[in-house]
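K.L.:
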Amino acid sequence: GSSVSWPPEFHPGVPWKGLQNI
Amino acid sequence: REPAVYEPLSASMLAAALPHEQKQMIGERLYPLISALHTQLAGKITGMLLEIDNSELLLMLESPESLNAKVQEALEVLQEHQA
Numbered sequence: 014g015s016s017v018s019w020p021p022e023f024h025p026g027v028p029w030k031g032l033q034n035i
Numbered sequence: 065r066e067p068a069v070y071e072p073l074s075a076s077m078l079a080a081a082l083p084h085e086q087k088q089m090i091g092e093r094l095y096p097l098i099s100a101l102h103t104q105l106a107g108k109i110t111g112m113l114l115e116i117d118n119s120e121l122l123l124m125l126e127s128p129e130s131l132n133a134k135v136q137e138a139l140e141v142l143q144e145h146q147a
């Protein structure tokens, strides 16, 4: 599909979105 | 964006950080390594690998072979997920 929300992408200097699930 | 230079991550440095800080610290170091292998997918692959236990992530940072193997696994999972 075109709108894949997983996995949460990591970008340098940007808080990782996957942190919400820890 | 200027590439940041980080000192090697040690278990004691991680232990002094909060859980969300720990993942960020590892991610900042993993990303440039993965970016060198897979520029386009580095953000996704790094995000996937950050779900692994920190102790194993530390080993991967020190072992290119381990990192490459996990990156390959992540790529296969990603391709299946997107198929």
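As you go down the protein sequences, you meet chains A and B in turn.
Every position in the first sequence, counted from 1, becomes a number in our numbering once 13 is added.
Every position in the second sequence, counted from 1, becomes a number in our numbering once 64 is added.
All C-beta atoms, glycine included, are put in the ideal place defined by N, C-alpha and C.
1. Could you tell me whether the Cβ of residue 103 (chain B) comes closer than 8 Å to any Cβ of chain A?
2. List the whole-angstrom C-beta distance separating residue 82 (chain B) from residue 94 (chain B), where the pair is believed to meet the contact cut-off of C-beta under 8 Å.
3. Given that residue 112 (chain B) touches chain A, what residues does it touch there, using C-beta distances under 7 Å?
4. Residue 142 (chain B) and residue 87 (chain B): beta carbons closer than 8 Å?
P.N.:
Let me spell this out:
1. No, residue 103 (chain B) does not count as interfacial toward chain A.
2. Not confirmed; about 18 Å, so no contact.
3. When 7 Å is used as the limit between beta carbons, residue 112 (chain B) is near these residues of chain A: 20, in chain order.
4. Not a contact, by the Cβ cut-off of 8 Å.
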